[in-house]
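Chemist:
In our numbering, the protein residues as written are 56 to 178.
1) Going residue by residue through the segment 96 to 157, where are the continuous alpha helix (DSSP H) segments of at least 4 residues, counting only ones entirely within it?
2) Taking residue 153 as the reference, which of 146, 63, 161 has the closest Cα?
3) How many Å lie between residue 66 and residue 139 at the Cα?
4) Would you mind giving the Cβ-Cβ distance between residue 122 and residue 87, rounded to the nearest angstrom? I have them listed as a contact below 8 Å.
5) Restricting to Cα atoms, I'd like to know which of 165, 144, 101, 96 is closest to residue 110.
6) Tell me the DSSP secondary structure of residue 167 in three-state form.
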């Protein structure tokens with residue numbers, strides 16, 4: 056089977072401790088690995104304020120996972136997201152060649168405005 060590049064962002068409930076949050080992320084990453092997916096990147100965006108309330112909560116732990124996988128893996132992953140009550144929302148998208156190039160540049164820090172501002176201030 057062929058593998059495609061995917062990106063999944065999910066929001067975990069804010070009542071979790073850091074350890075519980077990391078365990079939940081590891082559970083989904085391990086599920087992907089067991090199904091033969093290649094994990095490219097995992098980013099923890101931390102506790103963020105949401106634009107609107109979900110399950111009477113205004114904040115949540117945001118996590119981004121980039122991976123290469125067979126398309127059949129996505130259905131299994133999303134079933135696990137729905138079963139886990141710690142996950143409030145999730146979105147999985149297929150990355151086209153432009154999105155893959157953008158994700159690589161983002162991982163390298165090309166769009167990090169804080170470091171650019173520090174470099175300019177240092178000069």
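Virtual Cβ for every residue (Gly too), placed ideally from N, Cα, C.
Predicted, not measured: the structure shown is a model, and the values here were computed from it.
Modeler: Working from what's here:
1) Whole alpha helix (DSSP H) segments, 4+ residues: 126 to 138.
2) Residue numbering aside, residue 153 sits at position 98 when the chain shown is read from its first letter. Per the Cα distances, 161.
3) Here residue 66 is taken as the residue at index 11 of the chain shown, counted from 1. Here residue 139 is taken as the residue at index 84 of the chain shown, counted from 1. So the alpha carbons of these two residues sit roughly 12 Å apart.
4) Here residue 122 refers to the residue found at position 67 when the chain shown is read from its first residue. Here residue 87 refers to the residue found at position 32 when the chain shown is read from its first residue. Taking C-beta atoms under 8 Å as the contact rule, residue 122 and residue 87 qualify, at a distance of about 6 Å.
5) What you label residue 110 is simply residue 55 of the chain shown in a count that begins at 1. Of 165, 144, 101, 96, the smallest CA-CA separation from residue 110 is found for 144.
6) One-based indexing of the chain shown puts residue 167 at position 112. Three-state DSSP puts residue 167 in coil, outside helix and strand.
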